[in-house]
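Numbers given in this note's numbering equal positions in the sequence shown, counted from 1, plus 502. Structure first, commentary second.
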Amino acid sequence: MLNFKRKLTIMDNISFDLAEKDNPRKKMPWYHAFSFLFLWAALFFAVVFPLYNVLPISVNIDEEIFKPGQFVAERAQHLLLELDRLGPKIIGDVVNEKTMIDFLLREMDIVHRVMRHDLYDLEVDVQQVSGSYLHLEIVRMYQAVQNVVVKLSSKKSNSTSYLLVNSHYDTKPGSVGVGDAGSMVVTMLEVLRQLATSSDPFEHPIVFLFNGAEESSLQGAHGFITQHRWSPSCKAFINLDSVGSGGREILFRGGPNHRWLMSHYKAAAKHPFATTMAEEIFQTGVIKSNTDFKIFRDFGRLPGLDMVIQYNGYVYHTKYDRFEFITRESLQNTGDNVLSLVKSLSNSKEMQFTQLFVLRISYHRHSNDRPQWYRDESGCGNCLPVCFGHDNGTGFLGATHQCVPLSYYNNRGLDVHNLYILHDICFGDGFPLSP
Ligand SMILES: [Zn+2]
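Given below as structure tokens:
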């Protein structure tokens, strides 16, 4: 009798094992999700959150001679104070359409004066443009919006592949917009100055787009990418914007399907910080707004990187978006990253023929409706860079640890197979690739 019972137990075990083999993707009980999420939340607060407050030491103007080629945060901060004193810059208002144009042209004059004329050419254009397009299921029409467009190119190079660097100076009514996106505008001005005075020329011309109509459904970007004479030559872009003020900027979107952009970010950015969470939220459709990234991607078919400041998000689009929130160290952080990234991309071989570097690798052999994952070889400073794209063509790059499981849980549910993949991501050698 005892032997018979033991036999049954053995048989039960065998049948259980067979069932496991028949169904290798057996789901874990639902309540494991809580401990799973808790693990990543704990990691986020223990590792990622403290890094928000780590900022570099700023470079002052009197130190510039000892630190050649470095982004000078003090100069950018002086310009930012000027932007603060100008008040709100509303599309159609004299401050936006006249005062800001004069301010930017004055800065171009200064750059032109200090520029290495033996190495570089500087062209400045004030674009006035009208057009229409469909955005969020509404037809957007605009007339005579303005952009200040600047092209810096090396005399020794005849490359026709331009790198586009974009941010906007217009603001929401009632907001001075020092964070959104004045801080990015002054960052671009200082980056332009450093490049123009550098003794190391770059290969590909750089177009700086000081965009005068972003808050009105991204019209300035549309006017540039569809109608400006330099637009067809732009092969990749960096978009700089803000949904907060101060702190570290974050790379939250890239591609689509251009892994080389993330590789350059990883290699070049001095203080890298990246996540996919914002992209995930955008894709759910919860947020009915977007950045110029969408316009360049959808109307210009350009790959690019989207970087935003998101600290102190409560001041975004309010009267509290003022100078006091942005420290010199914060400007140094963004400036260091943008300057080194622009240098890297403007010298990259991929810029010549960007379409040759489109990456489409599927993690799953048997499914077309799941995210495509691919690995990026190693960590990028503060975050684990995990590059992945979607079959619908919207790619996004870079992930902090905590975002990966959340996004994956959202897409596929929590099951054993997912855990294996997450284990590979976090503790293994990265992602297995399948052609
Ligand atoms: Zn903005």
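We put the CB at the ideal spot given by N, CA and C, even for glycine. Note that the structure is predicted; figures quoted are calculated from it, not measured.
C-beta atoms of residue i and residue j nearer than 8 angstroms
{"i": "Ile740", "j": "Leu807", "result": "yes"}
{"i": "Val709", "j": "Val810", "result": "no"}
{"i": "Pro703", "j": "Lys658", "result": "yes"}
{"i": "Tyr822", "j": "Gln721", "result": "no"}
{"i": "Val651", "j": "Phe726", "result": "yes"}
{"i": "Gln579", "j": "Leu833", "result": "yes"}
{"i": "Tyr767", "j": "Leu843", "result": "yes"}
{"i": "Ser669", "j": "Pro707", "result": "no"}
{"i": "Pro590", "j": "Pro675", "result": "yes"}
{"i": "Leu582", "j": "Ile828", "result": "yes"}
{"i": "Glu618", "j": "Thr699", "result": "The amino acid occupying residue 618 in the given sequence is Arg; Glu does not appear at that position. Contact: yes."}
{"i": "Asn839", "j": "Ala771", "result": "yes"}
{"i": "Ser735", "j": "Tyr664", "result": "yes"}
{"i": "Asn598", "j": "Asp672", "result": "yes"}
{"i": "Met690", "j": "Leu636", "result": "no"}
{"i": "Asn814", "j": "Gly748", "result": "yes"}
{"i": "Val574", "j": "Val561", "result": "yes"}
{"i": "Ile626", "j": "Met610", "result": "The residue you asked about is not Ile; residue 626 is Val in the sequence shown. Closer than 8 angstroms, so yes."}
{"i": "Ser677", "j": "His819", "result": "yes"}
{"i": "His760", "j": "Thr856", "result": "yes"}
{"i": "Asn713", "j": "Asp586", "result": "no"}
{"i": "Ile593", "j": "Val631", "result": "no"}
{"i": "Asn835", "j": "Arg750", "result": "yes"}
{"i": "Glu852", "j": "Trp762", "result": "yes"}
{"i": "Ser848", "j": "Glu705", "result": "yes"}
{"i": "Ala715", "j": "Leu804", "result": "no"}
{"i": "Leu666", "j": "Leu711", "result": "yes"}
Sheet register partners of residue i (DSSP bridge)
{"i": "Phe739", "result": "Leu666, Gly806"}
{"i": "Ala683", "result": "Ala683 is not bridged to any residue."}
{"i": "Met939", "result": "There is simply no residue 939 to check, as the chain begins at 503 and stops at 937 in what is shown."}
{"i": "Gly756", "result": "Leu807"}
{"i": "Gln785", "result": "Answer by DSSP bridge pairing: none, since Gln785 is not bridged."}
{"i": "Glu751", "result": "Ile811"}
Helix, strand or coil at residue i [DSSP, three-state]
{"i": "Val626", "result": "strand"}
{"i": "Val745", "result": "coil"}
{"i": "Phe712", "result": "strand"}
{"i": "Lys772", "result": "coil"}
{"i": "Met945", "result": "Outside the shown range of the chain, which is 503 to 937, sits residue 945, and nothing can be said about it."}
{"i": "Lys653", "result": "strand"}
{"i": "Glu717", "result": "coil"}
{"i": "Gln648", "result": "strand"}
{"i": "Glu705", "result": "coil"}
{"i": "Asn555", "result": "coil"}
{"i": "Leu581", "result": "helix"}
{"i": "Gln475", "result": "What is shown of the chain runs 503 to 937, which leaves residue 475 out entirely."}
{"i": "Trp732", "result": "coil"}
{"i": "Asn839", "result": "helix"}
{"i": "His534", "result": "helix"}
{"i": "Ser869", "result": "Note that Ser869 scores a pLDDT of 38, beneath 50, so its modelled location is shaky; the value from the coordinates is reported in the next line. Note: Ser869 maps to coil in three-state DSSP."}
{"i": "Phe540", "result": "helix"}
{"i": "Arg824", "result": "coil"}
{"i": "Asn562", "result": "coil"}
{"i": "Gly722", "result": "helix"}
{"i": "Asp620", "result": "coil"}
{"i": "Met595", "result": "Here residue 595 is Asp; the residue named in the question, Met, does not match the sequence. Reduced to three states, the DSSP call for Asp595 is coil."}
{"i": "Tyr818", "result": "coil"}
{"i": "Val678", "result": "coil"}
{"i": "Met690", "result": "helix"}
{"i": "Ser832", "result": "helix"}
{"i": "Phe855", "result": "coil"}
{"i": "Lys796", "result": "helix"}
{"i": "Asp672", "result": "coil"}
{"i": "Ser659", "result": "coil"}
{"i": "Thr601", "result": "helix"}
{"i": "His892", "result": "Any answer about His892 is weak, because its pLDDT of 34 lies below 50 and its placement is not dependable; what the coordinates show is given next. Correct three-state label for His892: coil."}
{"i": "Lys529", "result": "coil"}
{"i": "Ser791", "result": "coil"}
Check: residue i C-beta below 7 angstroms from any heavy atom of ligand 2
{"i": "Arg642", "result": "Although ligand 2 was asked about, the structure shown includes only ligand 1 as ligands."}
Below 6 angstroms from a heavy atom of ligand 1 - residues by beta-carbon:
Having a Cβ closer than 6 angstroms to some heavy atom of ligand 1 are His670, Asp682, Ala683, Glu716, Asp743, Ser744.
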